[in-house]
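Chains as they are written, first to last, in numbering that gives the first Met the number 0: chain A, 0 to 368; chain B, 0 to 368. Every residue, glycine too, gets a C-beta built ideally from N, C-alpha and C.
There are 2 protein chains.
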Amino acid sequence: MTLMANVVRTRSHLCSAIEGELTGLISTRSNSARAYGPEFSRLWDIAGENILGGKFVRPLLLVETYDAFDEHARDRSTAISIAAAIELLHYAFLLHDDVIDGDLVRRGRPNLVGALLAEAGQLPPMDQRPDAGRPDSALHWAQTGGILMGDMLLAATHQAFARVDLPHPLRIRLLDLLEHTINETVAGEQLDVGLGDGIIAPELETILTMCGYKTATYTFELPLRAAATLAGVDPSVESALATAGRHLGLAFQLQDDFLSTFGDPRRHGKDPFSDLREGKQTAIIAYARKTSAWAEIEPWFGRPDLCTQDGENVRRQLSECGAETFVQGHIDQQTRAFHDVLADTANPIPDKVRNVLLDLAAQLEGRQS
Amino acid sequence: MTLMANVVRTRSHLCSAIEGELTGLISTRSNSARAYGPEFSRLWDIAGENILGGKFVRPLLLVETYDAFDEHARDRSTAISIAAAIELLHYAFLLHDDVIDGDLVRRGRPNLVGALLAEAGQLPPMDQRPDAGRPDSALHWAQTGGILMGDMLLAATHQAFARVDLPHPLRIRLLDLLEHTINETVAGEQLDVGLGDGIIAPELETILTMCGYKTATYTFELPLRAAATLAGVDPSVESALATAGRHLGLAFQLQDDFLSTFGDPRRHGKDPFSDLREGKQTAIIAYARKTSAWAEIEPWFGRPDLCTQDGENVRRQLSECGAETFVQGHIDQQTRAFHDVLADTANPIPDKVRNVLLDLAAQLEGRQS
Chain A
0 MTLMANVVRT RSHLCSAIEG ELTGLISTRS NSARAYGPEF SRLWDIAGEN
50 ILGGKFVRPL LLVETYDAFD EHARDRSTAI SIAAAIELLH YAFLLHDDVI
100 DGDLVRRGRP NLVGALLAEA GQLPPMDQRP DAGRPDSALH WAQTGGILMG
150 DMLLAATHQA FARVDLPHPL RIRLLDLLEH TINETVAGEQ LDVGLGDGII
200 APELETILTM CGYKTATYTF ELPLRAAATL AGVDPSVESA LATAGRHLGL
250 AFQLQDDFLS TFGDPRRHGK DPFSDLREGK QTAIIAYARK TSAWAEIEPW
300 FGRPDLCTQD GENVRRQLSE CGAETFVQGH IDQQTRAFHD VLADTANPIP
350 DKVRNVLLDL AAQLEGRQS
Chain B
0 MTLMANVVRT RSHLCSAIEG ELTGLISTRS NSARAYGPEF SRLWDIAGEN
50 ILGGKFVRPL LLVETYDAFD EHARDRSTAI SIAAAIELLH YAFLLHDDVI
100 DGDLVRRGRP NLVGALLAEA GQLPPMDQRP DAGRPDSALH WAQTGGILMG
150 DMLLAATHQA FARVDLPHPL RIRLLDLLEH TINETVAGEQ LDVGLGDGII
200 APELETILTM CGYKTATYTF ELPLRAAATL AGVDPSVESA LATAGRHLGL
250 AFQLQDDFLS TFGDPRRHGK DPFSDLREGK QTAIIAYARK TSAWAEIEPW
300 FGRPDLCTQD GENVRRQLSE CGAETFVQGH IDQQTRAFHD VLADTANPIP
350 DKVRNVLLDL AAQLEGRQS
């Protein structure tokens with residue numbers, strides 16, 4: 000068996016372990032939810048289906064890193080519990096983000112809010128005055144479901160962290176890490192909304208900070224640091240991993256915005272002008288705003304009715320004013336910083352852990368979607 | 000010093016201890032929030048002010064019950080931590096409830112969403128297209144603050160429960176209790192919204208269930224059971240307290256709706272027709288709906304423009320159709336059931352704990368607001 004086949008086999012094995020843990024967490028809750036009626040347990044059923052259909056990027060990173068520290072790790076089941084909890088946290092953030100953004104769809108399928116809305120619209124008329132509810136009562140009901148389910152997933156994440164049977168100081172380190180992650184992610188979400196609502200000035204620096212907080216912290220730093228903590232390694236290793244994770248995470252997030260605007264829609268499959276249409280404050284826009292090209296771009300920015308031809312014009316102007324090169328340069332800079340951390344011989348990151356990270360970076364660097 | 004003066008002194012001492020614990024929890028978080036910018040730390044500042052201005056009903060119940068179990072309790076600081084955490088949980092629920100209901104005011108003062116909205120409205124115009132944001136961008140920003148701050152308070156509650164340094168099985172009992180409480184409260188909130196949105200049929204049984212879940216569980220059952228758990232008493236005592244707490248909580252919630260409609264507005268200080276105007280599905284309405292009077296009441300129910308004279312007519316009809324007597328009977332029944340639990344000599348509740356509960360019931364029975 001080749002090395003690559005081995006990696007694939009190990010990862011699919013890991014995926015099954017994570018899926019099993021998540022299935023357990025969700026089905027226990029889904030079953031106790033039935034006592035509270037069909038509307039309540041429906042929340043767990045829809046959320047469970049969406050969570051189990053995910054790619055488990057964060058839990059896989061945690062367990063692969065943990066395993067790389069110590070192949071014969073004593074407490075792998077705890078690592079798998081925490082990994083699954085991080086996937087619940089991810090979904091809790093997505094749900095509240097969807098409610099905040101008023102989104103009904105994620106990756107081309109109805110999200111939880113969209114699913115609840117569709118079901119509420121199909122309900123038979125009730126034995127009461129039709130005007131007793133609000134005019135938008137089905138949407139209100141669906142969005143309430145999104146808020147409440149996000150709360151329950153946030154609670155479930157904390158429960159998993161709180162229940163680990165580890166020595167008190169180690170448990171506290173994990174809880175500190177969770178607290179730090181939630182603070183940064185929430186701060187990032189608030190910045191993002193403040194930028195979109197015109198409450199916070201769209202400075203480049205602010206946008207870069209927001210990108211790091213909103214996604215990089217919980218997607219990269221959290222799984223890496225949790226793995227280091229659970230493997231019981233020196234805090235200096237954890238700290239080096241955190242730095243590497245933040246660089247990689249920021250590169251990843253900038254690349255996301257970059258591909259949305261300049262990428263090939265046949266490959267990423269998204270509407271190529273959605274960021275422009277919704278007036279999203281990205282690093283690309285922050286750069287362009289400082290150039291003389293902005294006067295021509297501005298009238299088209301944030302227009303929901305932007306047509307393909309105008310969209311292509313704006314994209315060309317964004318490229319010509321230097322924004323494309325600028326953001327690509329930033330992505331390269333973060334990627335280099337990531338590799339520098341790994342290559343630093345003073346860094347005590349073991350080779351096997353380094354390989355997990357390099358493997359992840361290679362996947363991200365090669366992606367077109 | 001009289002016995003009553005002693006009680007008052009003890010309670011004011013307890014209030015200070017709880018206030019001190021909450022101040023510590025909030026100021027630590029408020030200080031670390033500053034690193035993420037003024038908008039983020041503003042959330043903690045406003046929430047902190049509101050939380051510290053509260054009456055600490057739930058934490059007081061917990062610590063008074065705990066002290067009544069054992070005056071020389073070993074681990075009183077843990078009881079105070081958990082008591083403070085329950086106050087954070089209460090505020091997290093209020094916040095998400097306010098966002099869901101679109102409320103900007105609570106007890107006559109702007110709530111967190113209202114405060115953020117007022118501040119956003121006073122912001123100087125920014126260096127960007129005025130139409131880049133949504134038309135309702137200040138409200139969107141303020142409600143996002145409500146969702147995110149509720150998330151952080153929910154996280155802070157769990158952190159306090161998770162960090163207690165107790166033997167593993169005791170910690171797990173506390174975590175089970177928190178999980179049970181959150182499930183019931185969220186189920187109650189969802190029922191309440193479903194009733195209001197016309198998604199769930201307004202049956203009397205459903206409304207009574209909702210009242211118990213939404214408030215009684217976390218306000219009465221949680222503090223009582225947490226006190227019993229922390230005092231290390233037998234599960235049978237905890238179970239008796241839970242039953243007593245649920246009866247008292249349901250009586251309390253029904254009394255709340257009763258006073259809103261039939262109480263003296265000069266004493267409760269609220270708009271006497273707000274429940275009717277917003278079409279709130281209460282036990283009063285559920286009873287009236289089954290009577291012949293409903294045909295006359297229905298056209299006025301849920302009308303925001305209901306005038307005082309029509310409001311008084313509806314109130315008289317609700318009284319004459321038997322709804323007033325019916326709900327008062329339900330309150331009496333729950334109060335009797337509460338006293339029966341306490342009086343049951345087979346019940347192992349110690350006298351001092353019984354007195355804490357009787358004292359609380361006397362406060363609730365005598366209230367007019």
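* Asked: How would you list, in chain order, the residues of chain E whose beta-carbon sits under 9 angstroms from the beta-carbon of Arg-105(A)?
  -> Reference to chain E is not applicable here, since the protein chains of this structure are A and B.
* Asked: Beta-carbon separation of Gly-278(A) and Gly-244(A) under 7 angstroms?
  -> The sequence position of residue 278(A) within the first sequence is 279, counting from 1. The sequence position of residue 244(A) within the first sequence is 245, counting from 1. Gly-278(A) places its beta carbon 7 angstroms or farther from that of Gly-244(A).
* Simplified DSSP assignment, three categories, for Arg-108(B) -> To locate residue 108(B), count along the second sequence from 1; it is residue 109. Arg-108(B) carries a strand assignment under DSSP once its states are collapsed to helix, strand and coil.
* Take Thr-143(B) and list the residues in its own chain whose beta-carbon comes closer than 8 angstroms to its own, dropping the five residues that flank it on each side. => In the second sequence, the residue the question calls residue 143(B) occupies position 144. Correct list: empty, nothing qualifies.
* Chain-ordered neighbours of Ala-239(A) on chain B, where CB pairs are closer than 8 angstroms -> In the first sequence, counting from the first residue as 1, residue 239(A) sits at position 240. Those do not exist, as Ala-239(A) stays about 22 angstroms from chain B at its closest Cβ, beyond 8 angstroms.
* **CA-to-CA distance, Thr-281(B) to Lys-289(B), given in whole angstroms** => In the second sequence, the residue the question calls residue 289(B) occupies position 290. In the second sequence, the residue the question calls residue 281(B) occupies position 282. Looking at the two C-alpha atoms, the distance is approximately 13 angstroms.
* Asked: CA-CA distance, Gly-52(A) and Lys-269(A)?
  -> Taking the first residue of the first sequence as position 1, residue 52(A) is located at position 53. Taking the first residue of the first sequence as position 1, residue 269(A) is located at position 270. The alpha-carbon atoms of Gly-52(A) and Lys-269(A) are separated by roughly 19 angstroms.
* Return the residues of the stretch 143-171 of chain A that lie within a Cβ-Cβ distance of less than 9 angstroms from chain B, sorted by chain order. => Of all residues in the stretch 143-171 of chain A, those with a C-beta nearer than 9 angstroms to a C-beta of chain B are Thr-143, Gly-144, Ile-146, Leu-147, Met-148, Gly-149, Asp-150, Met-151, Leu-153, Ala-154, Ala-155, Thr-156, His-157, Gln-158, Phe-160, Ala-161, Arg-162, Asp-164, His-167, Arg-170 and Ile-171, reading in chain order.
* For the alpha helix (DSSP H) that contains Ala-230(A), what are its first and last residues? -> Within the first sequence, the letter at position 231 stands for residue 230(A). Here Ala-230(A) belongs to no alpha helix (DSSP H), and DSSP marks it neither H nor E.
* **Contact set for Ala-250(A): own chain, Cβ-Cβ below 6 angstroms, skip 5 residues either direction** => Residue mapping note: residue 250(A) aligns to position 251 of the first sequence, counting from 1. For Ala-250(A), where only same-chain residues beyond five positions count, the Cβ hits under 6 angstroms are Ile-330, Gln-333 and Thr-334.
* Mind listing, in chain order, the continuous alpha helix (DSSP H) runs of no fewer than 4 residues lying wholly within the stretch 189-260 of chain A? => Residue ranges of uninterrupted alpha helix (DSSP H) with 4 or more members, entirely inside the stretch 189-260 of chain A and ordered along the chain, are 203-210 and 221-229.
* Say whether the stretch 15-30 of chain A touches the stretch 173-192 of chain A, bearing in mind that this needs 3 or more beta-carbon pairs closer than 8 angstroms, one atom from each stretch. => Taking 8 angstroms as the limit for Cβ pairs, the verdict is that the stretch 173-192 of chain A does not touch the stretch 15-30 of chain A.
* In its own chain, which residues sit with a C-beta less than 6 angstroms from the C-beta of Arg-33(B), not counting the 5 before and 5 after it? -> Here residue 33(B) is taken as the residue at index 34 of the second sequence, counted from 1. Once the five neighbours on either side are set aside, the close Cβ partners of Arg-33(B) are Ser-40.
* Asked: Cβ atoms of Ala-361(A) and Ala-322(A): under 7 angstroms apart, would you say?
  -> Residue mapping note: residue 322(A) aligns to position 323 of the first sequence, counting from 1. Residue mapping note: residue 361(A) aligns to position 362 of the first sequence, counting from 1. Contact annotation: Ala-322(A) and Ala-361(A) have beta-carbon atoms that are not nearer than 7 angstroms.
* Is it true that the CB of Phe-337(A) sits closer than 7 angstroms to the CB of Leu-305(A)? -> Residue numbering aside, residue 305(A) sits at position 306 when the first sequence is read from its first letter. Residue numbering aside, residue 337(A) sits at position 338 when the first sequence is read from its first letter. No, they are not a contact pair.
* **Burial state of Gln-308(B) (16 or more Cβ within 10 Å)** => The residue you call residue 308(B) lines up with position 309 of the second sequence. It is exposed - the Cβ of Gln-308(B) has fewer than 16 other Cβ atoms within 10 Å.
* **Ser-136(B): CB within 6 angstroms of a non-hydrogen atom of the ligand SAM** => Looking at this structure, you won't find the ligand SAM or any other ligand, since it has none at all.
* Inter-residue spacing [alpha-carbon to alpha-carbon] between Leu-138(A) and Asp-100(A) -> Here residue 138(A) corresponds to residue number 139 of the first sequence, with the count starting at 1. Here residue 100(A) corresponds to residue number 101 of the first sequence, with the count starting at 1. Between the alpha carbons of Leu-138(A) and Asp-100(A) lies a distance of about 13 angstroms.
* Asked: Quick one: is His-95(B) near chain A, going by C-beta distance under 7 angstroms?
  -> To locate residue 95(B), count along the second sequence from 1; it is residue 96. Yes - at least one Cβ of chain A is within 7 angstroms of the one on His-95(B).
* Asked: Which word fits Ala-342(B), buried or exposed, when buried means at least 16 other C-beta atoms lie within 10 angstroms of its C-beta?
  -> Here the question's residue 342(B) lines up with position 343 in the second sequence. Exposed, because fewer than 16 other Cβ atoms sit within 10 Å of the Cβ of Ala-342(B).
* To do: With 9 angstroms as the C-beta to C-beta threshold (strictly closer), list the residues of the stretch 188-212 of chain A near chain B in chain order.
  => Residues Glu-188, Gln-189, Leu-190, Val-192, Gly-193, Gly-195, Asp-196, Gly-197, Ile-198, Ile-199, Ala-200, Pro-201, Thr-205, Thr-208 and Tyr-212.
* Contact belief for Ala-161(A) with Leu-87(B) at Cβ below 8 angstroms, rounded distance in angstroms -> One-based indexing of the first sequence puts residue 161(A) at position 162. One-based indexing of the second sequence puts residue 87(B) at position 88. That pair is no contact at about 15 angstroms.
* Taking the alpha-carbon positions, what's the Arg-366(A) to Val-326(A) distance? -> If you number the first sequence from 1, residue 366(A) lands on position 367. If you number the first sequence from 1, residue 326(A) lands on position 327. Roughly 16 angstroms between the two C-alpha positions.
* Asked: Nearest to Ala-16(A) by CA position, among Phe-261(A), Gly-149(A), Trp-43(A) and Ala-82(A), is which residue?
  -> If you number the first sequence from 1, residue 16(A) lands on position 17. The option with the nearest alpha carbon to Ala-16(A) is Ala-82(A).
* To do: Classify Arg-366(A) as helix, strand or coil using the three-state DSSP reduction.
  => For the purposes of this step, residue 366(A) is taken as residue 367 along the first sequence, with counting starting at 1. Reduced to three states, the DSSP call for Arg-366(A) is coil.
* To do: Please report the residue range of the alpha helix (DSSP H) in which Pro-58(B) lies.
  => Along the second sequence, one-based indexing puts residue 58(B) at 59. Taken as a continuous stretch (DSSP letters only), the alpha helix (DSSP H) holding Pro-58(B) covers 56-68.
* Asked: For Arg-170(A), which residues of its own chain have a beta-carbon under 7 angstroms away from its beta-carbon, when the five flanking residues on both sides are left out?
  -> Here residue 170(A) refers to the residue found at position 171 of the first sequence. Taking C-beta separations shorter than 7 angstroms and ignoring five residues to either side along the sequence, the partners of Arg-170(A) in its chain run Val-163, following chain order.
* Asked: From what residue to what residue does the alpha helix (DSSP H) around Trp-43(A) run?
  -> Against the first sequence, residue 43(A) aligns to sequence position 44. Residues 37-51.
* Applying the criterion that 16 or more other CB atoms from any shown protein chain within 10 Å of the CB defines a buried residue, is Thr-184(B) buried or exposed? -> Walking along the second sequence from the start, residue 184(B) turns up at place 185. Buried, by the Cβ-count rule.
* Say whether chain B places a C-beta atom closer than 7 angstroms to the C-beta of His-139(A). => On the first sequence, position 140 is the one that residue 139(A) refers to. Chain B contact via Cβ: present.
* When Ile-206(B), Leu-223(B), Leu-147(B) and Thr-324(B) are compared against Ala-186(A), the one with the closest alpha-carbon -> The sequence position of residue 186(A) within the first sequence is 187, counting from 1. If you compare the alpha carbons of Ile-206(B), Leu-223(B), Leu-147(B) and Thr-324(B) with that of Ala-186(A), the shortest gap goes to Leu-147(B).
* When we look at the beta-carbon of Ala-154(A) and count the other beta-carbons within 10 Å, is it buried (16 or more) or exposed? -> Counting from 1 along the first sequence, the entry for residue 154(A) is found at position 155. With 16 or more Cβ atoms within 10 Å of its Cβ, Ala-154(A) is classed as buried.
* Asked: Measuring CA to CA, which of Leu-356(B), Arg-315(B), Ile-85(B) and Trp-140(B) is closest to Leu-103(B)?
  -> As a position in the second sequence, residue 103(B) is number 104, starting the count at 1. The shortest C-alpha to C-alpha distance from Leu-103(B) to any of Leu-356(B), Arg-315(B), Ile-85(B) and Trp-140(B) is the one to Trp-140(B).
* Excluding sequence positions up to five away, which residues of its chain have a Cβ less than 7 angstroms from the Cβ of Leu-203(B)? -> Here the question's residue 203(B) lines up with position 204 in the second sequence. Residues of the same chain with a CB within less than 7 angstroms of the CB of Leu-203(B), apart from the 5 flanking positions on each side, are Ala-282, Ala-285 and Tyr-286 in chain order.
* Can you tell me whether Lys-213(B) is buried or exposed, with buried defined as 16 or more other CB within 10 angstroms of its CB? -> Sequence index remark: in the second sequence, residue 213(B) carries index 214 (1-based). Around the beta carbon of Lys-213(B), a 10 Å sphere encloses 16 or more other beta carbons of the protein chains shown; the residue is thus reported as buried.
* **Status (buried if at least 16 other CB within 10 Å, exposed otherwise) for Pro-347(A)** => In the first sequence, counting from the first residue as 1, residue 347(A) sits at position 348. Taking all protein chains shown into account, Pro-347(A) has fewer than 16 neighbouring C-beta atoms within 10 Å of its C-beta and is therefore exposed.
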